[in-house]
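Visitor: Structure below; questions to follow.
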Amino acid sequence: MSSRAELGRLIADSRRIVVFTGAGISTESGIPDFRSPGGVWSQMKPIYFQEFVADESKRREAWDRAFTGRAGWTGRQPNAGHHAVARLAARGQAIAVITQNVDNLHQDSGVPPEKLIELHGNATYASCLDCGLRHELADLKSLYEATGDLPICRACGGLVKTATISFGQAMPEGPMAEAQAATAACDLFLVLGSSLVVHPAAGFPVMAKRRGARLAIVNREATELDEIADLVLHDEIGPVMSAVVPAN
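Here the sequence shown is numbered in our numbering, starting from 323 and rising by one per residue.
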C-alpha cells in the first residue's frame, strides 16, 4: 500500500480527527514561512512583545510592517490543502483544526469558526491589549496615513496591536485549553506542514499518541516526532490531501 493510500485509510477509519497545521500548508499559497532560509525572520527581526509595549519606535515599525504587508502573511488565497481540511470539517470527521498560522486561510477556505483554534492569533485584524476590542486594519491604516498617529483603542484608549501572538507574549489561555481538550478526544492527530519545534504547541502530537490516537505527519522536511508517528509523508500537502480527501 502506498503512503497516500495508507493515509487515506487512516482518515477513512477515523471519526474524531484533529488537524494541526503549520506554515508549510500556507507556503503553497505563496506565504513565506518563518525560520527557513529566505523566511520571514531571515529578512526582518521579530519585534518582541515587550519592545512593542515599551518603545514607540518599535510600535511604529510594527505598524509600518502591518500596513505595507512586508511580512507577506495576508492577502493570499487558500490552496488545495486548506480546502481538503475544510472538507474534513464539513463532513464532521475533523472535530478541530488547530493552527499555528495567522493568515486567515482556514477561515477563507470554509472551516467553521467553532472548529478553528488559532494558537498564534490572526494577522488580518487588530485588538486592544487592554479591553480586547477588535479593530479592522483598514480603519487603522486610514487614520494612521491621515494623521501619523499610532493606533489606540477607540473605546478605552489602550494600545492596539495586530491580533497575533508575538515573541515574548503569553500564549492565549482559551485556545490552548480548547486545543488540549480536542487533542485528548481525537482518534487521529494529523499534522500538516509543521516542523514541530515550537513549544508548547509541539507537545500536542505527543499528548495525542499517549492517549491512544494515531499520529500522521505530512511535511516536506523531517520532524523530531517522525519516529513516533504511525505514518510520515515527506511530500507536498496540497496534492497529498487532494488525493486522500477528494472533493465530491
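Glycine included, every Cβ here is placed at the ideal spot set by N, Cα and C.
#1: So, Gly496 versus Thr343, is the Cβ gap smaller than 7 Å?
#2: Which residues bound the alpha helix (DSSP H) around Thr505?
#3: Where does Tyr370 fall in DSSP's three states?
#4: How many whole angstroms separate the CB atoms of Arg533 and Ala492, which I take to be in contact at a CB cut-off of 8 Å?
#5: For Arg542 and Gly352, which I take to be in contact (beta-carbon distance under 8 Å), what is that distance rounded to the nearest angstrom?
#6: For Arg268, tell me which candidate among Cys450, Ala468 and Thr486 has the shortest Cα-Cα distance.
#7: Enumerate, from N- to C-terminal direction, the unbroken alpha helix (DSSP H) stretches of 4 or more residues contained entirely within the region 440–526.
#8: From the DSSP secondary-structure annotation, give me the bridge partner or partners of Ala334.
#9: Is it true that the CB of Ala445 sits closer than 7 Å to the CB of Thr390?
#10: Examine the Cβ distances between the region 414–429 and the region 450–465 and report whether three or more of them are shorter than 8 Å.
#11: Could you pull the start and end residues of the alpha helix (DSSP H) that Ile550 belongs to?
#12: Name the two residues that bound the continuous alpha helix (DSSP H) containing Gly533.
#13: Would you list the residues sitting across from Asp555 in a DSSP beta bridge?
#14: Taking DSSP as the reference, what is the three-state secondary structure of Val341?
#15: Just list the residues that DSSP pairs Ile420 with in beta bridges.
#16: Do you know how far the Cα of Ala411 is from the Cα of Pro434?
#17: Using the Cβ count rule (16 or more neighbours within 10 Å means buried), how would you classify Arg381?
#18: Quick one: what's got a C-beta closer than 7 Å to Ser564's C-beta in the same chain, skipping five residues either side?
#19: Just mark Ala468 as buried or exposed, buried being the case when its beta carbon has 16 or more other beta carbons within 10 Å.
#20: Beta-carbon within less than 7 Å of Ser348's beta-carbon, same chain only, minus the 5 sequence neighbours each way: which residues are those?
#21: Can the beta-carbon of Ile333 be found less than 7 Å from the beta-carbon of Val566?
#22: Which class does Arg398 belong to by DSSP, given the choice of helix, strand or coil?
Guide: Taking the coordinates as given:
#1: Numbered from 1 along the sequence shown, position 174 holds the residue referred to as residue 496. Numbered from 1 along the sequence shown, position 21 holds the residue referred to as residue 343. Against a cut-off of 7 Å, the Cβ pair of Thr343 and Gly496 comes out as no contact.
#2: Taking the sequence shown and counting its residues from 1, the one referred to as residue 505 is at position 183. First-last of the alpha helix (DSSP H) with Thr505: Glu495 to Ala507.
#3: Locating residue 370 in the sequence shown gives position 48, counting from the first residue. Residue state, collapsed to three classes: coil.
#4: Translated into the one-based positions of the sequence shown, residue 533 becomes position 211. Translated into the one-based positions of the sequence shown, residue 492 becomes position 170. The Cβ separation is near 26 Å, so there is no contact.
#5: Locating residue 542 in the sequence shown gives position 220, counting from the first residue. Locating residue 352 in the sequence shown gives position 30, counting from the first residue. The pair is not a contact, with the Cβ atoms about 15 Å apart (cut-off 8 Å).
#6: Because residue 268 is not part of the residues shown, which for the chain are 323 to 570, the question remains open.
#7: 459–469 and 495–507
#8: As a working mapping, residue 334 is identified with position 12 in the sequence shown. Partner(s): none; Ala334 has no beta bridge.
#9: As a working mapping, residue 390 is identified with position 68 in the sequence shown. As a working mapping, residue 445 is identified with position 123 in the sequence shown. Taking 7 Å as the Cβ cut-off, Thr390 and Ala445 do not qualify as a contacting pair.
#10: no
#11: For this step, residue 550 is matched to residue 228 along the sequence shown. Per DSSP, Ile550 belongs to no alpha helix (DSSP H) and is neither H nor E.
#12: Residue 533 sits at position 211 when you count from the first residue of the sequence shown. For the sequence presented, residue 533 should be read as Arg rather than Gly. Taken as a continuous stretch (DSSP letters only), Arg533 belongs to no alpha helix (DSSP H), as it is neither H nor E.
#13: If you number the sequence shown from 1, residue 555 lands on position 233. The sequence given here places Leu at residue 555; Asp does not occur at that position. BP columns for Leu555 point to Val540.
#14: One-based indexing of the sequence shown puts residue 341 at position 19. Val341 falls in the strand class under three-state DSSP.
#15: Locating residue 420 in the sequence shown gives position 98, counting from the first residue. DSSP, once it has assigned bridges, lists Phe342 and Ile439 as partnering Ile420.
#16: In the sequence shown, the residue the question calls residue 434 occupies position 112. In the sequence shown, the residue the question calls residue 411 occupies position 89. C-alpha separation (whole angstroms): 8 Å.
#17: Counting from 1 along the sequence shown, the entry for residue 381 is found at position 59. With 16 or more Cβ atoms within 10 Å of its Cβ, Arg381 is classed as buried.
#18: To locate residue 564, count along the sequence shown from 1; it is residue 242. If we look at Ser564 and ignore the five residues flanking it on each side, its Cβ neighbours are Ala402 and Ala406.
#19: Here the question's residue 468 lines up with position 146 in the sequence shown. Exposed, by the Cβ-count rule.
#20: Stepping through the sequence shown from its first residue, residue 348 is reached at position 26. Result list for Ser348: Asn423, Asp425 and Leu427, in chain order.
#21: Walking along the sequence shown from the start, residue 333 turns up at place 11. Walking along the sequence shown from the start, residue 566 turns up at place 244. Cβ atoms of Ile333 and Val566: closer than 7 Å.
#22: Indexing the sequence shown from 1 puts residue 398 at position 76. In this structure, Arg398 counts as coil in the three-state DSSP scheme.
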